[in-house]
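Those protein sequences? They're chains A and B, same order as listed.
Quick note on the working numbering: the first sequence kicks off at 235 and runs consecutively.
Quick note on the working numbering: the second sequence kicks off at 1467 and runs consecutively.
For every residue, glycine included, the Cβ atom is placed at its ideal position computed from N, Cα and C.
Notes follow the structure.
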Amino acid sequence: MRPVLTSLALMAGTAFTPLATPAAAQDTYKIGVMSAQSGYLTPYDQPSYAGFKYCIDKMNAAGGLAGQYQVELDVRDTRSDMAETVKVAQEMVDNGAQFIVSSADADPTIAAGQITQPEGIPTMTFAGTAPVLTQVGDYIFGSYPADNQQATVLADFATEQGFEKVYIVKSPDSAYTMGGPEYFATVFQANGGEVVGESLYSLNQPDFSAIVTNIKATEPAPDLIVTWAWEPDFPAFIKALRGAGLTTQVMGGDVLDTPTVRGLGDVVDGTYHTSGGFPEEGSAYGDWVKEYTEATGAEPDNNYYVNGCDIAHMIEDAVEAAGSTDPAAVRDALAAIEDGEGIMSNFTFAGTDRMPLRPVVIAKINADGSKDFVMRGTADPEKLPAP
Amino acid sequence: MDYVIQQTVNALSLGGIYAMLALGLAIVFSIVRLINFAHGEIMTVGGYGVFAATVFGLPIPLAVASGVFAAVFAAVAMERVAFRAMRGASVVSLLITSFAISEILKVLFQNGISARPKPIQLPAALSGSYEVGAITVGVIPTISIVTTLLALLGLTLFLRRTETGMAMRAAAEDFEMLRLLGVRADRVVAAAFALSGLLAGIAAVMWTAQRGSVDPLMGFFPVLKAFIATVLGGLGSLSGAILGGFFVGAVEVFSQAFLPDSLSPYRDAIVLSTVIAVLLVRPDGLVPAVKVDRS
Chain A
235 MRPVLTSLAL MAGTAFTPLA TPAAAQDTYK IGVMSAQSGY LTPYDQPSYA GFKYCIDKMN
295 AAGGLAGQYQ VELDVRDTRS DMAETVKVAQ EMVDNGAQFI VSSADADPTI AAGQITQPEG
355 IPTMTFAGTA PVLTQVGDYI FGSYPADNQQ ATVLADFATE QGFEKVYIVK SPDSAYTMGG
415 PEYFATVFQA NGGEVVGESL YSLNQPDFSA IVTNIKATEP APDLIVTWAW EPDFPAFIKA
475 LRGAGLTTQV MGGDVLDTPT VRGLGDVVDG TYHTSGGFPE EGSAYGDWVK EYTEATGAEP
535 DNNYYVNGCD IAHMIEDAVE AAGSTDPAAV RDALAAIEDG EGIMSNFTFA GTDRMPLRPV
595 VIAKINADGS KDFVMRGTAD PEKLPAP
Chain B
1467 MDYVIQQTVN ALSLGGIYAM LALGLAIVFS IVRLINFAHG EIMTVGGYGV FAATVFGLPI
1527 PLAVASGVFA AVFAAVAMER VAFRAMRGAS VVSLLITSFA ISEILKVLFQ NGISARPKPI
1587 QLPAALSGSY EVGAITVGVI PTISIVTTLL ALLGLTLFLR RTETGMAMRA AAEDFEMLRL
1647 LGVRADRVVA AAFALSGLLA GIAAVMWTAQ RGSVDPLMGF FPVLKAFIAT VLGGLGSLSG
1707 AILGGFFVGA VEVFSQAFLP DSLSPYRDAI VLSTVIAVLL VRPDGLVPAV KVDRS
């Protein structure tokens, strides 16, 4: 179990540090971190960074990565702006970053990749899940279960539950909001289901009543609606949907796993969504939530915190396996990780296109703001739609 | 046919909110020649007012009052702190001041409250709907349409029947003349901001009730549309702003409803092209203002 291992490592670090040669003890590993402090990425970047820093600090206190590399963070704000993201990536590379952790979405990661891929600096997104992001090149990595994995598990679940006719609501404005529902549709149709209609919306669309009216007029009537919409679009959509008297089952992506969505009350009752993990009592994740809350006074109320910590573990595993901090060696070691131990869940990069294979959780939201664990599954690689 | 009626209800509901926001912008512009880009943040403050009341478990009427009051307070405070000092400054200086206020407030919301949207939970009865013939109408859109009409009616009465209202209309036509006649400028301007705050507050309540959450950028997008509405209606023209608001709401809803899905990504472009087309035919807007300084 991770906490035991960590405390052992801590003891080992404390005991053996004086014996290490001074040169080795002073080795530093420079990691550039992009964290938007304003704009649309803030709700994902801030918790991801908090979890990442918490675990990096712990590793440093325990003697550093592989017992000899002290991590030095170069943290910069991108304001959720793509031009700023590219500028910041260039500055980090110029400052000697050996690894870069990029913002929590595919688009900024792809933008940063334009700089880091040619320079050969391994780059990992905080939580971008669109599998297209790793197609920039072999130095670009995902960290969270990809959209096609989430969609495959969700589609299999929907088929098992007896749903047959789905209505898709998607937005071409981002790879996430467009890709998730499309992957879902592909797997759902392969399972024998039918897509009876679809609507496109724009991010921050003021009004969803026209889409809801379209859904209502659809023949045959859908028994399921699937969307990867995030806030504030999802709350607006579900309010309009329930407000129009439609009680159709709604399922969505991991972005619904937030206190804001759970706080909407009756309108979200019974909504299913995918997630990267679930802090069950007694699990490594459950224990980590307690530990983090006690240490910082803030309760991690979404998965981005723990995923940030898991990124620290992915980097640690890669540096340990590589036995050095050379960017090319770390990249190769990272891409070869098989069943690495994480807190949210374990991760496998070997055999993937650098979007880690990780279990996907399905959870159900209740009217009182709580969520129930429904199932945990891993996407069937045979069914996984290509990015 | 039912489908068309249903979409018309949607268009009225959205257009009404745009109309209230556009009217608030027009009232302030007609008197102080200020295009207030921070109007969206006044609306956001209203949204947080509703949120704060629901957190403390206050009943709905108090939550509504809290939202409206917060917006009025924000508007009046904004005038007192930032715009009064800039009285008589050029249109460009005022515009940049309002940009600055808008940015400062957004960052304050993000860091002082939360970058995440905050959920607003309303009683289940308000999320319901009822049937009229074959069409289903939501309770909140209905309240929204009725409230918009009442607010616009009330405002018309206020502007036509009360002394302050008449002073405001006179100020819109010739502010200097009004001052020469001994009417206190500060009071008229403050009243204009308070009114625009009131309308933004009502819009904020409707908006949060329909959308279920409030976030630091909440006011930005609808007010952007309201700007288009005021220009379309005729900058500085009050009835033009209302007409423009309903027009933009209708184009937005109908383009979503009747355009094929393949054209959906071009929806905003289509809305703006329609506006350009209208302005080509009527360069001063649908209902031109009586007197306007065009830059």
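According to DSSP, residue i sits in a beta bridge with which residue or residues?
i	result
A/Q304	A/T262
B/K1572	Bridge partners of B/K1572: none, in fact.
A/L458	A/V400 and A/Q483
A/H507	A/G486 and A/A597
A/E432	A/I402
B/E1597	B/T1602
B/K1584	B/V1680
A/G576	Beta-bridge pairing links A/G576 to no other residue.
A/R610	A/V595
A/K605	A/I599
Can you tell me whether residue i is buried or exposed? The criterion is at least 16 other CB atoms within 10 Å of its CB, across all chains shown.
i	result
A/T248	With a pLDDT of 44 at A/T248, under the threshold of 50, the modelled position of that residue is not reliable, and the figure given next carries that caveat. By the neighbour-count rule (16 or more Cβ atoms within 10 Å), A/T248 is not buried but exposed.
A/A234	Residue 234 of chain A lies beyond the range of chain A shown here (235 to 621); nothing can be said about it.
B/D1727	exposed
B/I1742	exposed
B/T1628	exposed
B/E1507	buried
A/Q423	exposed
B/I1570	exposed
B/P1525	exposed
B/M1797	With chain B represented from 1467 up to 1761, any question about residue 1797 of chain B goes unanswered, as that position is not in the structure.
A/F360	buried
A/A257	With a pLDDT of 42 at A/A257, under the threshold of 50, the modelled position of that residue is not reliable, and no figure is offered here.
B/V1612	exposed
A/S604	exposed
Cβ of residue i less than 8 angstroms from any chain B Cβ?
i	result
A/G478	Sequence check: residue 478 of chain A is Ala here, not Gly. By this cut-off, A/A478 is an interface position.
A/T494	yes
A/N448	yes
A/D441	yes
A/I445	yes
A/K473	yes
A/M235	With a pLDDT of 43 at A/M235, under the threshold of 50, the modelled position of that residue is not reliable, and the figure given next carries that caveat. No, A/M235 lies away from the interface with chain B (no Cβ there is under 8 angstroms from its Cβ).
A/S436	yes
A/A295	no
A/S558	no
A/A597	no
A/P352	no
A/E428	no
A/P593	no
A/S272	yes
A/S433	yes
So is residue i in contact with chain A if we call contact Cβ pairs under 8 angstroms?
i	result
B/Y1469	yes
B/T1474	no
B/L1661	no
B/A1657	no
B/A1666	no
Taking C-beta pairs closer than 7 angstroms, name the residues in chain A that residue i reaches, listed in chain order.
i	result
B/G1604	G477 and A478
Whose Cβ in chain A lies nearer than 8 angstroms to the Cβ of residue i?
i	result
B/P1688	P440
B/S1595	G477, A478 and G479
B/P1607	S443 and G477
Residues of chain D with CB closer than 7 angstroms to the CB of residue i, please, in chain order.
i	result
A/G497	You won't find chain D in this structure, because its protein chains are A and B.
Quick one: which chain B residues come within Cβ less than 8 angstroms of residue i?
i	result
A/A570	Under the 8 angstroms cutoff, chain B gives no residues; its nearest Cβ is about 37 angstroms from A/A570.
Going along chain B, which residues have a C-beta under 7 angstroms from residue i?
i	result
A/A451	Y1469
With a threshold of 7 angstroms, establish whether the CB of residue i neighbours any heavy atom of the ligand MG.
i	result
B/F1693	As far as ligands go, the structure on display features none, and thus does not contain the ligand MG.
Give me the chain B residues within the contact set of residue i, using Cβ-Cβ distance strictly less than 9 angstroms, ordered along the chain.
i	result
A/M455	According to the sequence as given, residue 455 of chain A is Ala; it is not Met. By Cβ distance, chain B contributes nothing, its closest Cβ being about 14 angstroms from A/A455, past 9 angstroms.
A/P466	P1583, R1677, G1678, S1679, V1680, D1681, L1683 and M1684
A/P469	P1583, P1585, I1586, R1677, G1678 and S1679
- Output, in sequence order along the chain, the residues in the segment 275 to 289 of chain A whose CB is closer than 7 angstroms to any CB in chain B. Listed by position, the residues of the segment 275 to 289 of chain A near chain B (Cβ gap below 7 angstroms) are T276, P277 and Q280.
- At a Cβ cut of 7 angstroms, what residues of the segment 1517 to 1533 of chain B count as close to chain A, listed as they run along the chain? Of all residues in the segment 1517 to 1533 of chain B, none has a Cβ within less than 7 angstroms of some Cβ in chain A.
- Residues, ordered as in the chain, of the segment 1712 to 1723 of chain B that lie near chain A by beta-carbon distance below 9 angstroms: Correct list: G1715, E1718, V1719, F1720, S1721, Q1722 and A1723.
- Message: To be precise: take each residue of the segment 1674 to 1708 of chain B, compare its Cβ to all Cβ atoms of chain A, and keep it if any distance is under 9 angstroms. Which residues remain?
- Response: The residues in question are A1675, Q1676, R1677, G1678, S1679, V1680, D1681, P1682, L1683, M1684, F1686, F1687, P1688 and K1691.
- Task: Would you list, in chain order, the members of the segment 1548 to 1578 of chain B that have their beta-carbon closer than 9 angstroms to a beta-carbon of chain A?
- Result: In summary, the residues of the segment 1548 to 1578 of chain B whose CB is separated from some CB of chain A by less than 9 angstroms are K1572, V1573, Q1576 and N1577, in the order they occur in the chain.
- Item | Positions along the segment 396 to 421 of chain A whose CB lies within less than 7 angstroms of some CB in chain B | Result list: P406.
- Note down, in chain order, all residues in the segment 1473 to 1498 of chain B with a beta-carbon under 9 angstroms from any beta-carbon belonging to chain A. If the cut-off is 9 angstroms between Cβ atoms, the segment 1473 to 1498 of chain B has Q1473, V1475, N1476, A1477, S1479, L1480, I1483 and Y1484 near chain A.
- Message: Counting only Cβ-Cβ distances shorter than 8 angstroms, please list the residues of the segment 1725 to 1738 of chain B near chain A, keeping chain order.
- Response: Taking 8 angstroms as the Cβ-Cβ cut-off against chain A, the residues of the segment 1725 to 1738 of chain B that qualify are D1727, S1730, P1731, R1733 and D1734.
- Task: Taking only beta carbons into account, state which residues of the segment 498 to 519 of chain A come closer than 8 angstroms to chain B, listed in chain order.
- Result: Listed by position, the residues of the segment 498 to 519 of chain A near chain B (Cβ gap below 8 angstroms) are L498, G499, D500 and V501.
- Residues of the segment 1636 to 1647 of chain B with Cβ closer than 7 angstroms to any Cβ of chain A, in chain order: If the cut-off is 7 angstroms between Cβ atoms, the segment 1636 to 1647 of chain B has nothing near chain A.
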